[in-house]
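Asker:
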């Protein structure tokens, strides 16, 4: 169902592990695992990408990001993103966008517009959250294939999306108007050629089901209380289908 990650640049596997004072603890029954390293991306040419594979059904994405680097105003980056790709267009979940010095770096997603036609897109962002000032942040997305809704959680808490045009807010955004889609997981860049991310990433995991809010909170809690541990995702009731520990 999911093709394992491919090293699109050989050097990525040899990037030095960066000391990553984690933050684990609590966890609601989840076990913990040692977590001493993350992976640093240079924002120039370093990334991972999976092959686009036919998918259907729910999915979730979980990762830690440290975006405390310097970013250019009004530029976009992809730390960890999902592209869902019908034959005629694509949409993204998880770009980062630098609005201005005041607003800082935030998550952005480009989704199918209300009429669902090719070329019709709505852009949304997570209001009031500047990644450049937060240090390590836990990010999770869940996708409900029945309603075709994407939800976002930052540091264990559900956040609202805000529409670029008009500024309306919602707990979810609506994605592909289709029962099946191709699925790319991209780490550190967009489409293997642009929007390279300068920063640190850790514990990137993909699930072929919709994580519960309590699962996401537990994953965050385990890495929020103890600087040497992370959530052992294999001890969830259903383990992830892919888990990239990024140096550990």
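Numbering (the working numbering), first residue to last: 1472 to 1719. Backbone N, C-alpha and C define an ideal beta-carbon position, used for all residues, glycine too.
1. Should residue 1626 go down as buried or exposed, given a rule of 16 or more other Cβ atoms within 10 Å for buried?
2. Expressed to the nearest angstrom, what Euclidean distance is found between the alpha-carbon atoms of residue 1620 and residue 1642?
3. When you compare only the Cα positions, how much space is there between residue 1622 and residue 1612?
4. If I'm right that residue 1602 touches residue 1630 with Cβ under 8 Å, what's the distance once you round it to whole angstroms?
5. Measuring only the C-alpha atoms, how far is residue 1716 from residue 1668?
6. If I measure Cβ to Cβ from residue 1688 and keep anything under 6 Å in the same chain, skipping five residues before and after, which residues do I get?
7. Return yes when the Cβ of residue 1644 is within less than 7 Å of the Cβ of residue 1677, no when it is not.
8. Which value, in whole angstroms, describes the spacing of the CA atoms of residue 1534 and residue 1709?
9. Can you tell which of 1614, 1532 and 1698 has its C-alpha closest to the C-alpha of residue 1714?
10. Classify residue 1597 as buried or exposed, calling it buried when 16 or more other Cβ atoms lie within 10 Å of its own Cβ.
Answerer: Let me lay it out:
1. Result: buried.
2. Taking the straight line from one Cα to the other gives about 9 Å.
3. Cα to Cα, the separation comes out at about 6 Å.
4. Incorrect: roughly 12 Å between the Cβ atoms, too far for contact.
5. Taken atom to atom, the span from the alpha-carbon of residue 1716 to that of residue 1668 is near 18 Å.
6. 1627, listed in sequence order.
7. Not a contact, by the Cβ cut-off of 7 Å.
8. Residue 1534 and residue 1709 have their C-alpha atoms some 17 Å from each other.
9. Comparing Cα-Cα distances from residue 1714 to each of 1614, 1532 and 1698, the minimum goes to 1532.
10. Buried, since its Cβ has 16 or more Cβ neighbours within 10 Å.
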